[in-house]
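In the working numbering, the protein residues as written are 147 to 497.
Before any comments, here is the structure.
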């Protein structure tokens, strides 16, 4: 379906092709994911509208303008009509057209408001780059101008050798006055961007960052204790939330569960241990799932280890990691009595 859509769009508007990366697989997946989310949440406007507005602001980095939206809408309707076959009716066409007009209007308004406040992207330079494993790097980037974001959010990253291939990475710190941002990047074999960030980039190299996105941010008004659960580089946004909590005048009690498959996957455990000593309100519990644990590390999946450690129904939970890990952990939390409205999560997908 996505292949048909982009083929129709580029045949009608050849000049638009240069706005997209050479390889379109990831872009096609993003289109279907966004459409699926919009359709599935059409009756949940409090969550859907912020997502659509973020899409509008984020698309500025591609050079998208208001004049492009009618062309996209025409190709979308053409695609839906083709795949609906005999089920397509004039009424359905009108419904989809009306719905697209609302979404496009929301995105255009968000983009215009965003353009009045900040640039479409930020230029950054790597000031520190450390390989923690053969497939994982922690790097620090300094931004040339302030980039306002909330702890727990992510930004898209573009490197010069992969033009227009923007990939999302979570900030691993709360906002700092020196405009530096930390990223944890795990290499995905065959991915176009993560191998460059892990293996090829070094101190002094430059990159571009898009606007911040994401809703897995710290709720400092709840007053409840906090549960942080992160798998592999899913730890990054949780460290940002941890820094944000440390800035509170009266931090709540925090349990941080950090898991990996193997011991060397606990790449940031030393820093977490230091923070646990510094912050009396913080408890750090590391876990491995696929090899014997040692040195105070728990054995088992994060969902199992977390369930053994306590009762969490009165906490706010933040979960980040692979899709399978997040689904299993969120399901276990719900079965343990924690309401879904108190669980915020993010599924990372490096590429």
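Where is the CB? At the ideal position from N, CA and C, for every residue including glycine.
What separation, rounded to the nearest whole angstrom, lies between the Cα atoms of residue i and residue j?
| i | j | result |
| --- | --- | --- |
| residue 221 | residue 152 | 8 Å |
| residue 150 | residue 236 | 21 Å |
| residue 171 | residue 398 | 43 Å |
| residue 311 | residue 426 | 42 Å |
| residue 347 | residue 459 | 43 Å |
| residue 345 | residue 471 | 26 Å |
| residue 405 | residue 453 | 14 Å |
| residue 479 | residue 420 | 28 Å |
| residue 439 | residue 376 | 17 Å |
| residue 293 | residue 477 | 35 Å |
| residue 343 | residue 181 | 29 Å |
| residue 228 | residue 208 | 28 Å |
| residue 364 | residue 392 | 12 Å |
| residue 483 | residue 223 | 43 Å |
| residue 276 | residue 266 | 29 Å |
| residue 386 | residue 313 | 19 Å |
Determine the burial state of residue i: buried for a count of at least 16 other Cβ atoms within 10 Å of its Cβ, exposed for fewer.
| i | result |
| --- | --- |
| residue 319 | buried |
| residue 341 | buried |
| residue 206 | buried |
| residue 457 | exposed |
Between which two residues does the beta strand (DSSP E) holding residue i run?
| i | result |
| --- | --- |
| residue 237 | Looking at the DSSP string, residue 237 is not in any beta strand (DSSP E); the run it does join, the alpha helix (DSSP H), is 236–261. |
Report, in whole angstroms, the separation of the C-beta atoms of residue i and residue j, which I expect to be a contact under 8 Å.
| i | j | result |
| --- | --- | --- |
| residue 370 | residue 462 | 5 Å |
| residue 362 | residue 492 | 5 Å |
| residue 358 | residue 295 | 4 Å |
| residue 475 | residue 449 | 5 Å |
| residue 356 | residue 423 | Between residue 423 and residue 356 the Cβ distance is about 36 Å, and since that is not below 8 Å, they are no contact. |
| residue 271 | residue 354 | So it is not a contact: roughly 11 Å between Cβ atoms. |
Along the chain, where does the alpha helix (DSSP H) that runs through residue i open and close?
| i | result |
| --- | --- |
| residue 211 | Where residue 211 is concerned, there is no enclosing alpha helix (DSSP H), given that its DSSP letter is neither H nor E. |
| residue 227 | 215–230 |
| residue 200 | 191–204 |
To which residues of the same chain is residue i closer than 7 Å at the C-beta, ignoring the five residues directly before and after it?
| i | result |
| --- | --- |
| residue 279 | 410 and 413 |
| residue 384 | 374, 376, 402, 464 and 466 |
| residue 250 | 215 and 219 |
Spatial neighbours of residue i within its chain, please: C-beta separation below 6 Å, excluding the five flanking residues on both sides.
| i | result |
| --- | --- |
| residue 401 | 373 and 429 |
| residue 159 | 217 |
| residue 102 | Since the displayed the chain opens at 147 and closes at 497, residue 102 lies outside it and no answer follows. |
| residue 389 | 319 and 320 |
| residue 330 | 284, 318, 379 and 382 |
At the 8 Å Cβ level, is residue i part of the contact set with chain C, yes or no?
| i | result |
| --- | --- |
| residue 269 | In the structure shown, chain C cannot be found, because there is only a single protein chain. |
CB-CB under 8 Å to residue i, same chain, minus the five flanking residues each way: which ones, in chain order?
| i | result |
| --- | --- |
| residue 442 | 432 |
| residue 308 | 167, 338, 339 and 342 |
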